[in-house]
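>
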Amino acid sequence: MSALLSVAGVSKRFRGLLAVGNVSLDVMERDIFAIIGPNGAGKTTLFNTICGVFRPDGGTIAFAGERIDGHPPDEVCRLGIGRTFQLVRPFPGLSVLDNVIIGALLHHRSVEDARARAEEVLRRLDLFNQRHQRAASLTLPDRKRLEVARALATQPRLLLLDEVMAGLRPTEVDRMVAIMTELNRTSGLTIVLIEHVMRAVMALATRVLVLHHGAVIAQGAPAEVVRDPQVIKSYLGAEEL
Amino acid sequence: MPLSLYLNVAVGGVLTGLVYGLMALGLSVIFGVVRVVNFAHGEMMTIAMYIAVVLFAAFKLDPLVMLVPIAAVLFALGYALQAGLINPFINRPEHSQFILMVAVALIIVNVLLIAFGPDAHSVQTSYAFDSYEVGPVIIDAPKLYAAAGAVIVAALLFAFFRGTRIGQAIRACADNYTGALVVGLNVKRLYALTFGIGAACVGAAGCMLVVINDVSPAVGPAYTLLAFVIVITGGLGSLPGALLGGVLIGLTEAMAGVFFTPSAKSMFAFAILVIVLLLRPQGLLGKRA
Amino acid sequence: MTRQVDALQAKPAPLGRSRFLSTLNLANIPRRGLILLAVLLALLIAAPAFTSDYLLSILILILYFAYTGQAWNVMMGFAGQLSLGHALYVGIGAYMTAALFIHFGTPPWIGLLVSVPIAMAAGAVIGFLAFRFRVAGTYFAILTIAFAEFARIGFDHWDWVGASSGLFLPVATYTQNDLWHLRGRPIMFYYLILAMTVLAFLLCRWLLGSRLGYFWQAVREDEDAARAVGIATFRTKMAAVVISAGLTSFAGMFYAFYYNNLFGEQVFSIGRSIEIILGPLIGGVGTLFGPVLGAFLLTGLAETLTEILGLIGVDLPGAKQVFYGFCLLLVVMVMPEGVWPWVARKLGLETRQ
Ligand SMILES: Nc1ncnc2c1ncn2[C@@H]1O[C@H](COP(=O)(O)OP(=O)(O)OP(=O)(O)O)[C@@H](O)[C@H]1O
Ligand SMILES: [Mg+2]
């Protein structure tokens with residue numbers, strides 16, 4: 003079976019700095035694929051390149067067999083890739099429900115249908131009771147969930163999550179892990195997540211990729227990767243300190 | 300014969316452009332540091348021009364001589380405006396600061412209208428009709444003095460930003476707001492100082508402009524727009540860019556006045572603005588964002 | 583609308599309420615709000631019966647600003663694109679319908695078929711240039727001024743529209759109202775602008791709750807995030823500019839036929855553009871009632887002021903504008919969201935739009 007998302011030799015520079023260097027990865031349909039690595043490793047930049055925020059300086063990106071590198075972000079989303087932002091960016095002045103309705107309107111012409119869909123997603127993410135609050139007034143964990151909800155409302159085949167567990171309490175992490183697992187199981191959603199919270203990575207991921215200074219230093223099953231001496235040296239070791 | 304006529308006009312345009320440049324320099328300083336889009340910039344300049352007109356009418360004080368005190372008054376005005384009105388708005392969205400300045404502009408224009416009426420006022424200096432002949436070119440004395448004044452003030456400003464500790468602190472503040480906070484600079488005071496300096500610049504420019512042009516309340520908004528055109532053309536935040544932009548726009552307006560009709564000259568300034576915005580949004584000497 | 587607090591939304595709208603109401607989205611306005619609206623409308627409809635000519639002219643001015651403010655609000659309030667050059671669209675609408683009427687006797691309603699598309703095209707050109715070349719924020723505002731200034735100078739030199747000596751519509755003393763040619767007494771203009779304001783309000787209400795309206799708000803709140811959920815932001819912003827320009831140019835027709843004279847120097851001036859945006863800024867940007875409330879407050883108070891000054895024998899040409907300036911300053915400082923959201927809270931009409 004061919005990969006749903008296929009990144010081949012992608013590089014991205016900021017002036018002199020090589021933020022992502024020759025990264026290749028394949029994400030299979032229904033995978034939960036984790037990307038880990040120290041701060042500044044280039045994880046978010048890789049996401050932004052996949053989503054069309056940046057055009058890669060080299061390499062190709064294909065989604066469901068179609069080249070998407072260089073496509074603008076809205077087009078990438080319409081093709082079926084949803085994303086969250088590391089620094090959360092809900093629509094601050096709108097209500098939680100409206101935030102999600104906007105996502106749902108991508109595939110619904112009628113606002114009423116979109117609302118029904120949005121309410122369903124909000125229930126799933128335990129945000130239904132806050133639906134009339136302004137997004138800006140939510141707590142950070144809730145805003146993170148709102149980002150996930152908004153992305154989910156666009157009915158993506160692939161969901162890119164950038165550190166949605168950061169700052170959550172352990173019980174909240176477990177809840178989020180449960181939500182992700184369920185989405186993956188019941189709707190066959192493929193997920194790529196950037197995560198520092200190893201507890202979540204180990205619980206969720208079917209594959210893990212380790213990025214360091216923009217380069218892939220290890221890739222494989224979670225249990226193998228965390229035993230890799232180089233990974234321990236450059237990332238996990240440092241985390242323990 | 301026509302060639303030397305064009306040359307005269309061109310030189311006149313460049314000289315006026317230097318004064319425009321100084322006016323725009325004030326706007327650029329304010330935007331570069333405080334990040335406030337001073338939509339009342341031209342209106343502030345008309346305040347300076349009216350002060351000069353009044354002083355000249357009452358005491359025969361030459362505007363070029365009164366440059367320093369008038370600039371000082373504008374400095375105080377700018378300082379007070381930033382400290383009292385704008386500083387509380389630092390963290391508000393860009394457009395709400397902008398609207399604040401729209402309100403200030405509206406008030407200034409119409410207070411001047413109430414105080415001085417809609418008619419144009421001017422200053423008739425003793426050298427108003429003097430001129431110098433340099434080879435084939437005839438240069439108007441007022442324009443020459445005004446341009447010289449503008450260049451001196453601009454040079455002083457550059458020296459201030461390079462050579463003094465406050466100037467360097469302001470530049471640090473412009474480069475990195477949070478960084479400046481962290482190292483303990485009093486950012487709000489520096490902002491007020493900067494706004495004051497920008498206002499002083501435009502005050503000085505007003506003193507020089509009043510020697511070569513009339514003033515009426517209605518020219519305020521026109522000069523504000525002109526200052527924006529110049530600053531965007533030269534590159535927001537770039538001080539040499541503001542001077543260059545001023546010269547370019549001064550020259551364009553002067554030539555447009557000869558080749559077409561003087562009343563259509565600002566159309567050409569706007570044409571330059573549109574072209575620059577579209578082709579080189581960072582401006583001629585601006586850094587890419 | 584969905585932007586209501588729980589208490590107001592607890593009861594779903596009863597089924598069987600007329601289809602008309604629900605398509606206009608009135609069904610979700612709380613009952614108190616509906617009553618208030620009905621009373622206001624009734625008062626406005628009855629007003630000419632018990633007001634003087636002078637008062638009527640002020641009401642016309644108020645409604646004119648309510649209408650243009652509403653039209654501007656589509657661009658800034660809904661889609662977040664700050665235009666400071668809306669006098670451009672008023673001017674195009676005014677000049678085109680007036681010139682066609684004067685030169686060819688074209689009835690203004692037919693003239694609209696020319697003027698509105700031209701204004702929309704002008705908006706499209708500005709939008710295209712700005713959005714393609716990523717001119718945003720304050721730069722965008724300056725660009726809109728630049729185009730209005732172009733037009734100001736251009737129309738001032740264009741002989742077909744009277745250049746700087748102005749364009750005048752033929753006037754006579756009217757005993758009858760000719761709605762088709764818009765020649766008649768003030769009362770006709772009053773009901774025309776009232777109808778326009780009501781229709782614009784309903785149209786904007788419908789737009790705001792539509793798919794496009796949601797996309798506008800998304801772009802206004804965060805353009806990058808909007809793109810990340812698949813919104814084609816270029817098209818979305820273009821729609822806002824073009825619709826706003828078209829609506830605004832409609833007011834131009836009214837302006838030309840009501841005042842009967844046009845001077846490019848005035849019609850396109852930046853002062854006029856600023857006047858248009860004052861109402862919504864003070865009433866509440868992005869709200870539906872804001873532009874209406876703002877127009878009433880601002881023009882009402884300013885005219886009262888002029889009246890009082892007149893009574894004590896003072897005639898100060900700039901006084902009204904100084905007053906506008908202080909109002910704006912006050913509102914920006916004290917009620918940055920505008921007066922309407924505050925009033926709505928006081929009245930218990932919590933509709934957050
Ligand atoms: N827009 C940008 N312009 C210039 N440099 C950038 C930009 N975005 C990221 N960088 C740089 O690229 C490098 C990679 O950044 P990136 O945000 O991708 O790291 P990350 O792995 O997501 O880190 P973190 O775990 O802190 O989120 C960093 O050195 C960063 O400073
Ligand atoms: Mg990151």
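Residue numbers (this note's numbering), protein chains in the order written: chain A, 3 to 243; chain B, 300 to 588; chain C, 583 to 935. Idealized CB from N, CA, C, for every residue including glycine.
Quick one: does residue 80(A) have its CB under 8 angstroms from some CB of chain C?
yes
> Assign residue 111(A) to one of three DSSP states: helix, strand, or coil.
coil
> First and last residue of the alpha helix (DSSP H) that includes residue 804(C)?
According to the DSSP assignment, residue 804(C) belongs to no alpha helix (DSSP H), since it is labelled neither H nor E.
> Go through the segment 11-91 of chain A residue by residue and report every complete run of the alpha helix (DSSP H) that reaches 4 residues or more, in order.
45-53 and 75-81
> Between residue 24(A) and ligand 1, is there a pair consisting of the residue's CB and a ligand heavy atom that are separated by less than 7 angstroms?
no
> Exposed or buried, what is residue 106(A) when buried is set at 16 or more other beta-carbons lying within 10 Å of its beta-carbon?
buried
> Is residue 756(C) buried or exposed, if buried means 16 or more other CB atoms sit within 10 Å of its CB?
exposed
> For residue 329(B), which residues in the same chain have their Cβ closer than 7 angstroms to its Cβ, ignoring the five residues on either side in sequence?
335, 337, 493, 494 and 497
> For the segment 790-810 of chain C, enumerate the residues whose C-beta is nearer than 9 angstroms to any C-beta of chain A, in chain order.
Considering only beta carbons, the part of the segment 790-810 of chain C lying closer than 9 angstroms to chain A consists of 791, 792, 793, 795, 796, 797, 799, 800, 802, 803, 804, 806, 807, 808, 809 and 810, in chain order.
> Return the residue from the list 67(A), 83(A) and 66(A) that minimises the CA-CA distance to residue 74(A).
83(A)
> So, with DSSP's three-state summary, where would you put residue 184(A)?
helix
> My parser needs the beta strand (DSSP E) runs of 3 or more residues fully inside the segment 844-888 of chain C; what are they?
none
> Contact defined as beta carbons within less than 8 angstroms: I believe residue 713(C) pairs with residue 816(C). What is the distance between those atoms, to the nearest angstrom?
5 angstroms
> Which chain C residues are close to residue 94(A), counting only those with a beta carbon under 8 angstroms from its beta carbon?
803 and 804
> So does residue 88(A) have its beta carbon nearer than 7 angstroms to some heavy atom of ligand 1?
yes
> If I measure Cβ to Cβ from residue 742(C) and keep anything under 7 angstroms in the same chain, skipping five residues before and after, which residues do I get?
681
> Residue 398(B) CB to nearest chain C CB: under 8 angstroms?
yes
> Determine, using beta carbons only, whether residue 51(A) comes closer than 8 angstroms to chain C.
no
> Would you report the Cα separation of residue 124(A) and residue 133(A), rounded to the nearest angstrom?
One Cα belongs to residue 124(A), the other to residue 133(A), and the distance between them is close to 8 angstroms.
> By DSSP, does residue 197(A) sit in helix, in strand, or in coil?
It is coil, neither helix nor strand.
> Helix, strand or coil, according to DSSP, for residue 763(C) in the structure here?
coil
> Contact between the segment 771-788 of chain C and the segment 623-640 of chain C is defined here as three or more beta-carbon pairs at a separation below 8 angstroms; is this criterion met?
Here the segment 771-788 of chain C makes contact with the segment 623-640 of chain C; the two share three or more CB pairs at distances below 8 angstroms.
> Considering only residues of the same chain and omitting the five flanking positions on each side of residue 352(B), which have a CB-CB separation below 7 angstroms?
420, 422, 509 and 514
> Going along the segment 32-50 of chain A in order, which residues come within less than 8 angstroms of chain C, judged by CB to CB distance?
none
> Give me the pocket residues for ligand 1, defined as CB within less than 5 angstroms of any heavy atom, sorted by chain position.
16(A), 21(A), 41(A), 42(A), 43(A), 44(A), 45(A), 46(A) and 47(A)
> Taking just the CA atoms, how far does residue 120(A) sit from residue 225(A)?
Distance between the alpha carbons of residue 225(A) and residue 120(A): 37 angstroms.
> With a threshold of 7 angstroms on Cβ separation, who are the neighbours of residue 600(C) within its own chain once the five nearest residues in sequence on each side are excluded?
Residue placement at residue 600(C) is poorly supported in this model, since its pLDDT is 39, which falls under 50; the coordinates still yield a value, given next. Correct list: empty, nothing qualifies.
> Strictly below 9 angstroms CB to CB, what residues from chain C border residue 87(A)?
Listed along the chain, the chain C residues whose CB falls inside 9 angstroms of the CB of residue 87(A) are 806, 807 and 810.
> Return the bridge partner residues of residue 420(B) from the DSSP annotation.
514(B)
> If the cut is a Cβ gap below 9 angstroms, which residues of chain B does residue 660(C) touch?
Ordered by position in chain B, no residue passes the 9 angstroms Cβ test against residue 660(C), which lies about 14 angstroms from the chain.
> Please go through the same chain and pick out, in chain order, the residues whose beta-carbon is closer than 8 angstroms to the beta-carbon of residue 922(C), but skip the five residues on each side of it.
865, 866, 869, 871, 872, 875 and 876
> Say whether the segment 527-537 of chain B touches the segment 356-367 of chain B, bearing in mind that this needs 3 or more beta-carbon pairs closer than 8 angstroms, one atom from each stretch.
The segment 527-537 of chain B, when compared against the segment 356-367 of chain B, does not touch it at the 8 angstroms Cβ threshold.
> From residue 235(A) to residue 14(A), what distance separates their C-alpha atoms?
25 angstroms
> Quick check: is any heavy atom of ligand 2 less than 7 angstroms from the C-beta of residue 825(C)?
no
> Since residue 394(B) meets chain C, which of its residues come closer than 7 angstroms, beta carbon to beta carbon?
664
> Give a yes or no on whether the C-beta atoms belonging to residue 684(C) and residue 749(C) are separated by under 8 angstroms.
Yes, the Cβ-Cβ distance between residue 684(C) and residue 749(C) is below 8 angstroms.
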